[in-house]
Amino acid sequence: MSAADWILPGRDVTLKIDRDGLIKRGFMLVIALYLIVALALPLYTMLSKSFVTYGFDLARYEFQVSDETGGNFGPPTTAAALNATLSRFGPDDLRTSSEGRLSVIELFPNFSFRSPVKYRMRALDGASWLVGLDLVKAADWQEYDSNTFRRINLRPSTTVGMQNYTAYFSNPALFRSIENSLFIALVSTVLTVSFAFGFAYAISRSCMRFKGAMKLIAMMPILVPSLLPGIALVYLFGNQGLLKDLLMGHSIYGPLGIVIGSVFFTFPHALIIISTALAIADQRQYEAADALRASRWRIFWTVTIPGARYGLISAAFVTFTLVITDFGLPKVIGGQYSVLAIDIYKQVIGQQNFEMGAVVSVILLIPAVLAFVIDRQVQKKQVSQLSARSVPYEPKPNPGFDVLCLGWCGLVAGFILLMIGTCQLAALVNFWPYDMSLSLKNFAFDKMDGGGWSAYWNSIQLAALTAVIGTVVVFTGAYMVEKLDGSYFARGLFQFLAMLPMAVPGMVLGLAYIFFFNNPVNPLNVIYGTMAILVVSTVTHFYTVGHLTALTALKQIDPEFESVATSMRQPFWRLFGRVTVPICMPAILDIMIYLFVNAMTTVSAVVFIYSSQTALASIAVLNMDDAGDIAPAAAMGMMIFYTNVAARLLHMALSHGLLRRTQAWRVR
Amino acid sequence: MNAMTSPNLSIQPETPPVTDDYLRIENLWKIYGEFAALRDVSLRIGKGEFICFLGPSGCGKTTLLRAIAGLDPQTRGHILQDGRDISNLPASKRDYGIVFQSYALFPNLTVAKNVAFGLENTGRPKAEITKRVAELLELVGLPDKANRYPSQLSGGQQQRIALARSIAINPGLLLLDEPLSALDAKVRVHLRHEIKELQRKLGVTTIMVTHDQEEALSMADRIVVMNHGVIEQIGTPTEIYRHPTTLFVADFIGETNRIASHYKQGAVTLGSLVLNTEVPGLTDGQAVMVAIRPEDILPHSAGHEAVPKPNHLPVTISAQEFLGSSWRMHLRSAELGETPLVANFSMNAVRRLDLSEGSKLTVELPAERVLVFPKGA
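Which chain is which? The protein sequence lines are F and Z, in order. Every number in the working numbering is 4 more than the matching position in the first sequence, counting from 1. Every number in the working numbering is 1139 more than the matching position in the second sequence, counting from 1.
#1: Could you have a look at Lys20 of chain F and say whether DSSP puts it in helix, strand or coil?
#2: Might you give, ordered along the chain, the residues of its own chain that have their beta carbon closer than 6 Å to the beta carbon of Ala635 of chain F, omitting 5 neighbours on each side?
#3: Across which residues does DSSP place Phe435 of chain F in a beta bridge pair?
#4: Which one of F:Lys141, F:Ala274, F:Val191, F:Gln617 has the shortest CA to CA distance from Ser463 of chain F?
#5: Assign Met628 of chain F to buried or exposed, taking buried as 16 or more other Cβ atoms, counted over all protein chains shown, within 10 Å of its Cβ.
#6: Tell me whether Leu515 of chain F sits in a helix, a strand or coil according to DSSP, three-state version.
#7: Using a Cβ distance threshold of 8 Å, determine whether the segment 275-288 of chain F contacts the segment 394-406 of chain F, with at least three qualifying pairs required.
#8: Rounded to a whole number of angstroms, what is the C-alpha to C-alpha distance between Tyr1380 of chain Z and Val1279 of chain Z?
#9: In chain F, which residues lie less than 8 Å from Leu1228 of chain Z when you measure between Cβ atoms?
#10: Which value, in whole angstroms, describes the spacing of the CA atoms of Gly474 of chain F and Met596 of chain F?
#11: In three-state DSSP terms, what is Thr1202 of chain Z?
#12: Is it the case that the segment 153-163 of chain F contacts the segment 45-58 of chain F, given that we only count it when at least three CB pairs across the two stretches are under 8 Å?
#13: Spatial neighbours of Val352 of chain F within its chain, please: C-beta separation below 7 Å, excluding the five flanking residues on both sides.
#14: Locate the beta strand (DSSP E) running through Ile1306 of chain Z, then write down its first and last residues.
#15: Looking only at its chain, what residues have a beta carbon closer than 6 Å to the beta carbon of Lys1335 of chain Z, apart from the 5 residues adjacent to it on each side?
#16: Could you pull the start and end residues of the alpha helix (DSSP H) that Tyr48 of chain F belongs to?
#17: Taking only three categories from DSSP, how would you classify Lys1499 of chain Z?
#18: Give a yes or no on whether the C-beta atoms belonging to Ile348 of chain F and Met511 of chain F are separated by under 7 Å.
#19: Extract the residue ranges of the alpha helix (DSSP H) inside the segment 153-208 of chain F, only unbroken runs of 4 or more that lie entirely within it.
#20: Thinking C-alpha only, which one of Z:Ile1170, Z:Pro1229, Z:Asp1179 is nearest Asp22 of chain F?
#21: With Gly454 of chain F as the anchor, note down where its beta strand (DSSP E) starts and where it stops.
#22: Taking Cβ-Cβ distances shorter than 8 Å, what residues in chain F pair up with Ile1308 of chain Z?
#23: Distance check for Pro1376 of chain Z and Leu1504 of chain Z, CA to CA, integer angstroms please.
#24: Return no unless some Cβ of chain F is closer than 7 Å to the Cβ of Pro1212 of chain Z.
#25: Mind checking if Ala1251 of chain Z is an interface residue toward chain F, Cβ cutoff 7 Å exclusive?
#26: Would you check if the distance between the CB atom of Phe271 of chain F and the CB atom of Pro225 of chain F is smaller than 7 Å?
#27: So, using beta-carbon positions, are Cys427 of chain F and Gly632 of chain F closer together than 7 Å?
#28: Measure the alpha-carbon distance for Asp24 of chain F versus Gln1291 of chain Z and round it to whole angstroms.
#29: I need the straight-line Cα distance from Ala1206 of chain Z to Arg664 of chain F, nearest angstrom please.
#30: In chain Z, which residues lie with their C-beta within 9 Å of the C-beta of Arg578 of chain F?
#31: Taking the alpha helix (DSSP H) that Asn602 of chain F belongs to, which residues open and close that run?
#32: Near Thr4 of chain F, which residues of its chain fall below 6 Å by C-beta distance, leaving aside the five closest residues on each side in sequence?
#33: Flag this pair as yes or no: are the beta carbons of Thr548 of chain F and Ala609 of chain F separated by less than 7 Å?
#34: Counting pairs of Cβ atoms below 8 Å between the segment 1237-1257 of chain Z and the segment 558-569 of chain F, do you hit three or more?
#35: Anything in chain F within Cβ reach of Tyr1235 of chain Z, meaning under 8 Å, just list it in chain order.
#36: Short check: CB of Gly425 of chain F to CB of Ile337 of chain F, under 7 Å?
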């Protein structure tokens, strides 16, 4: 309670809760519960699984064998002792997964199921065995005839500890993935941030032509899955690539391809952040620097860079996280080059070793969480540099510089168009590079593995559901955090949960979902393998950006609106519906399109949890590429691109129309 | 400090004492962690009164208002409105209208929709709402702005709409949280008058929070002066101005000269000057602060008496400022040491006595205008 306890006797006054308060608390509870079930609990389950190992603990089983009459049992012997004399199983044979079984008769070389010999066994410390399919857990002797004994299997017992981690770190191949991942992420980050800074600088500080077109092209990579640049690179520089000779013998499969592709797909993300940072420049600072006769070079280092430094740091962390957690690109173009995200995939899909997958996930979480935490700290330091009195920077024409800027932007835009254009072409030709005549045969997805056209329609359904449900959940949640008075603790916890998804790579979330939802004990097990779990996972995976967008919009609303409405004894939902939502409409539409586009392109968040009925377009790209149907994969990738372009156009039209009606008040 | 006997006990309040309490605040505390924003505040407000909470920022005036509104509940204490204990009622169950400094008009709704917001959803027929809205817009003098959006109105107009909206549902209590602070000086003076007129017309009990003493003095029936979470003084504007009970009030309201001194043998002395004052309850040797307002200092031609008359002080003008309607003089005197005395002299007096920088004259500190406070209070 408060300090009033020792200053004043008695209890603090608390207001009675009215219906509004109840409804608000109810809403907050529902959404907090959503985040706990869809995020916190699965992550927790995964974390705990990473410490679990399964093995047959032979020391816990004891046997007695009778003579040929079925009586006169011999002395009790542990299975471990039997194994020791037989040297039947080595330590590696005894390590297993949660589903492992070990037939007991392996320990009895003289066993015959027709013999009248009877067996007694018991298990200590909670170990168990199966008789057929029936689980037995008994510490007192159980007697079986030979025919039954034949059907007995030992079940593994669980050990909690660091074994998985020690196993991971003692495996040099797995350990190398860490180095590889860090290397790729660092190189890509440096390149992407430099390129994006140059691009943003040209846009904001020059008077070059075609700025609008350049910005539009620069945003295109957001609309495609990260697999697509991989496919484009295969067509350009792969074994049959058109420009293969440019590499002078180097292979595109490996770090080179991953880095080029990573720069492609992270470029718009970095560009958005850096552009915002550069756009808040104050003209007067530049005028002051000019008046002091500073050189352009000096102005660049003393005014421009310090003003944009937080943006640069933030962009670097975002890029780093995107690259290190990306799975699609190394899958398509990585060749034999192993990275952490691929390791998770191999462990889970390839070897069905979920516990080891969990270990790699935890390791992948570390850099992602670290980058996230540092970024949040930097963001906090970034006080608004643009006051209401600032004069926005207006570049002056400078022919030489402007041409230089246009050249740079043109180069970047050309690269982006080349990549997308290559995929477009590959999707449309008969047989690259031998028969370049046009055809639509690559779009006959139903003839390929990977889910066919139904995968595409599933994706549309997923994206639409994610956009609608996600926007409602995200915006309502943000509203409750921002406008619910009362418990700081509850709000703080909610805010933490809402920020958490940003730090959790999609594959890690997916794996956590397997652990959590695929457990028959969990009543939510019913959504496993359905569209519902895909929607939940996608909404959760992309929760944070939407949450921050909504918060920013809500913070701009006068906090006294709620007080005024309350004083007029109006319920909060009336204010919410008639004022808050209409005012925030632009932000709400932004959240929607963000969720839609990302649901269309995501691979990592869904790759572990889609089922044959819920195959998705982005997954189809992955699987068709895996099966060698690269051209159809490119075609499906382009379908995603067209859809996202259409969605963007619809969003623009909708914003325009809706804003004209709901935002008439903005016009003075 | 409230326990100090005030020098004006004999003076009758200009309004009759409140008999019919509409709002009673009893022993209110508000504590944030280790900080007490309100300390044992008690107050009674009569029906139809216009009350101003006045004080510097951080004095607790807004905290008190928000506690009354149920927006930030008090930590301890009771609030009774119209005989009903509302201490722990949520804001939605209380009966008040509120206007904020930011106006808090809903930007996406027209003026008419803003005003109608509290009327809709209450079972009133549409025609009645339309009529009432028109009536309210007429009342605040903006009948032709019904279909405008708030951003199309000036600040003063927006505040009038906010006022119309707050009284739409006929609240028993009107709360105004620094309603004029965001406006230009001219508009502010004009609106002051209008709000006061409106309040008188409606007879609604009103509490206004302000840090602007001029606003409080010109609008309030009674002023509640607050500082550091306690009420320093409650009184009519003239009481507060003429007879401040504490040095803080004397200092905060209007301007005051402050001269440190001692109370000795039944009198307060300034150097060799003996001041006749009406201060009961001081003990011999007590340190005191003498306060007098600049406009209360009376100029006389330089005297030549060997023994100065009581309350008369020989001074020299060390600097002068022209204020338009009067002159402000900085006066120095051997009796006062380094502290200059600031006085406002009328144009007439300055002409009559032919005063300018360097002139010598005698000023009178009238006994009934000199305030004496125990030091450290």
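Each residue gets a CB set at the ideal place from its N, CA and C atoms; glycine is no exception.
Based on what the coordinates show:
#1: Numbered from its first residue, the first sequence carries residue 20 of chain F at position 16. Correct three-state label for Lys20 of chain F: coil.
#2: Numbered from 1 along the first sequence, position 631 holds the residue referred to as residue 635 of chain F. Ala430, Asn446.
#3: If you number the first sequence from 1, residue 435 of chain F lands on position 431. According to DSSP, which records beta bridges pairwise, Phe435 of chain F is partnered with F:Asp439.
#4: Sequence index remark: in the first sequence, residue 463 of chain F carries index 459 (1-based). Nearest Cα to Ser463 of chain F within the set F:Lys141, F:Ala274, F:Val191, F:Gln617: F:Gln617.
#5: Taking the first sequence and counting its residues from 1, the one referred to as residue 628 of chain F is at position 624. When all chains shown are included, Met628 of chain F counts as buried.
#6: As a working mapping, residue 515 of chain F is identified with position 511 in the first sequence. It is helical.
#7: With the cut-off at 8 Å, the segment 275-288 of chain F and the segment 394-406 of chain F touch.
#8: Residue 1380 of chain Z sits at position 241 when you count from the first residue of the second sequence. Residue 1279 of chain Z sits at position 140 when you count from the first residue of the second sequence. Rounded to whole angstroms, Tyr1380 of chain Z to Val1279 of chain Z spans 31 Å at the Cα level.
#9: Taking the second sequence and counting its residues from 1, the one referred to as residue 1228 of chain Z is at position 89. Within 8 Å Cβ-Cβ: Leu19, Lys20.
#10: Here residue 474 of chain F refers to the residue found at position 470 when the first sequence is read from its first residue. Here residue 596 of chain F refers to the residue found at position 592 when the first sequence is read from its first residue. If I take the Cα positions, the gap works out to 8 Å.
#11: On the second sequence, residue 1202 of chain Z is found 63 positions in, with the first residue counted as 1. DSSP places Thr1202 of chain Z in helix when its eight states are reduced to three.
#12: Yes, they touch.
#13: For this step, residue 352 of chain F is matched to residue 348 along the first sequence. Same-chain partners within the cutoff: Phe358, Gly361, Leu515, Phe612.
#14: Indexing the second sequence from 1 puts residue 1306 of chain Z at position 167. Residue range 1294-1306 is occupied by the alpha helix (DSSP H) that includes Ile1306 of chain Z, with no beta strand (DSSP E) assigned at that position.
#15: Counting from one through the second sequence, the residue named residue 1335 of chain Z turns up at place 196. Non-local C-beta neighbours of Lys1335 of chain Z in its own chain, meaning closer than 6 Å and more than five positions away in sequence, comprise Met1358, ordered along the chain.
#16: If you number the first sequence from 1, residue 48 of chain F lands on position 44. Looking at the DSSP string, the run of the alpha helix (DSSP H) that includes Tyr48 of chain F is 45-53.
#17: Taking the second sequence and counting its residues from 1, the one referred to as residue 1499 of chain Z is at position 360. In this structure, Lys1499 of chain Z counts as strand in the three-state DSSP scheme.
#18: Taking the first residue of the first sequence as 1, we reach residue 348 of chain F at position 344. Taking the first residue of the first sequence as 1, we reach residue 511 of chain F at position 507. Taking C-beta atoms as the reference points, Ile348 of chain F and Met511 of chain F count as a pair closer than 7 Å.
#19: DSSP assignment within the segment 153-208 of chain F yields the following whole alpha helix (DSSP H) runs of 4 residues or more, N-terminal first: 167-173.
#20: Numbered from its first residue, the first sequence carries residue 22 of chain F at position 18. Cα-wise, what sits closest to Asp22 of chain F is Z:Pro1229.
#21: Taking the first residue of the first sequence as position 1, residue 454 of chain F is located at position 450. No beta strand (DSSP E) contains Gly454 of chain F, which DSSP labels as neither H nor E.
#22: Taking the first residue of the second sequence as position 1, residue 1308 of chain Z is located at position 169. Result: Met572, Arg573.
#23: For the purposes of this step, residue 1504 of chain Z is taken as the residue at position 365 of the second sequence. For the purposes of this step, residue 1376 of chain Z is taken as the residue at position 237 of the second sequence. Straight-line Cα distance between these residues: approximately 23 Å.
#24: As a working note, residue 1212 of chain Z is residue 73 in the second sequence. The beta carbon of Pro1212 of chain Z falls within 7 Å of a beta carbon belonging to chain F, placing the residue at that interface.
#25: Taking the second sequence and counting its residues from 1, one reaches residue 1251 of chain Z at position 112. Among the CB atoms of chain F, none fall inside 7 Å of the CB of Ala1251 of chain Z.
#26: Within the first sequence, residue 271 of chain F is the residue found at index 267, counting from 1. Within the first sequence, residue 225 of chain F is the residue found at index 221, counting from 1. Cβ atoms of Phe271 of chain F and Pro225 of chain F: closer than 7 Å.
#27: Reading the first sequence from its first residue, position 423 is the one you call residue 427 of chain F. Reading the first sequence from its first residue, position 628 is the one you call residue 632 of chain F. Taking C-beta atoms as the reference points, Cys427 of chain F and Gly632 of chain F fail to come closer than 7 Å.
#28: Position 20 of the first sequence, counted from the first residue, corresponds to residue 24 of chain F. Position 152 of the second sequence, counted from the first residue, corresponds to residue 1291 of chain Z. Cα atoms of Asp24 of chain F and Gln1291 of chain Z: separation of roughly 32 Å, rounded to the nearest angstrom.
#29: Stepping through the second sequence from its first residue, residue 1206 of chain Z is reached at position 67. Stepping through the first sequence from its first residue, residue 664 of chain F is reached at position 660. Going from the Cα of Ala1206 of chain Z to the Cα of Arg664 of chain F covers about 41 Å.
#30: As a first step, residue 578 of chain F must be located in the first sequence, where it is residue number 574. The answer, in chain order, is Phe1256, Glu1259, Asn1260.
#31: Translated into the one-based positions of the first sequence, residue 602 of chain F becomes position 598. Run containing Asn602 of chain F: 589-605, per the alpha helix (DSSP H) assignment.
#32: With chain F covering 5 to 672 only, the question about residue 4 of chain F has no answer from this structure.
#33: Along the first sequence, read from residue 1 onward, the residue named residue 548 of chain F stands at position 544. Along the first sequence, read from residue 1 onward, the residue named residue 609 of chain F stands at position 605. No, the pair does not count as a contact, with Cβ atoms beyond the cut-off.
#34: For the pair of segments examined, the segment 1237-1257 of chain Z was found to touch the segment 558-569 of chain F: the number of CB pairs separated by less than 8 Å reaches three.
#35: As a first step, residue 1235 of chain Z must be located in the second sequence, where it is residue number 96. Neighbours of Tyr1235 of chain Z on chain F, chain order: Ser571.
#36: Position 421 of the first sequence, counted from the start, is the residue given in the question as residue 425 of chain F. Position 333 of the first sequence, counted from the start, is the residue given in the question as residue 337 of chain F. Contact flag unset, no.
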